[in-house]
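K.L.:
The structure under discussion is supplied below as structure tokens; questions concerning it will follow.
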Amino acid sequence: MDRRNFILTGIALGAVASLGSGLAIWSWQHSVTPDSNNRDLVLSALLPALLYGALPQDATLAAIELERTKTAISDFLPFLPLRQQQELNQLFNLLANRLSQLGLTGHVISLTKLSLSQRLQLLNQWRDSYLALLQQAYHGLRELLYGAYYGQSEHWQTLGYTAPRFR
């Protein structure tokens, strides 16, 4: 390799590296912005798995409960600290993207096309993972979804919970 080719190769590699880092920064900034379509897609896939056994047996009643829970989550998200909002939005966006979903779940097909047992297995793998990031994703989703579902007063009776009375 002569000197001219060496210099041109170095310039080309530098340009590609700077372009790649610029795209990485742009995609990271884009991944933390809220996207309700991605949130609905991920929640539609994971809510039935996380609430397995708590949902009514009737499919129409279960669908109504899932929609109410998704609405409660959407209403609650703005009250979380900004960092937690960004982390959850990033998780929803990553799970809605096929390439990043493959890295997080090991599945190429969409989360909504996985069977319920596969979704339960996925969540259990996240819970028991040696990667703290996957454990954080599991616990963050679980706390958010359980809080939204069991925060509705009609579910308190099945838990044996009575709300305190204020005078």
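Here this note's numbering is used: the first residue of the sequence shown is 13, the next is one more, and so on.
Glycine is no exception: its CB is placed at the ideal position from the N, C-alpha and C atoms.
(1) Assign Pro-60 to one of three DSSP states: helix, strand, or coil.
(2) Going by DSSP, what residue range makes up the alpha helix (DSSP H) through Asn-105?
(3) Provide the residue span of the alpha helix (DSSP H) that contains Gly-159, from first to last.
(4) Which of helix, strand or coil does DSSP assign to Pro-90?
(5) Quick one: grab the DSSP three-state call for Gln-113.
(6) So what's Asp-70 in DSSP terms, helix, strand or just coil?
(7) Does any C-beta atom of chain D lie closer than 8 Å to the C-beta of Glu-77?
P.N.:
Concretely, from the data shown:
(1) helix
(2) 94-108
(3) 144-162
(4) helix
(5) helix
(6) coil
(7) The chain inventory of the structure shown lacks chain D, comprising one protein chain alone.
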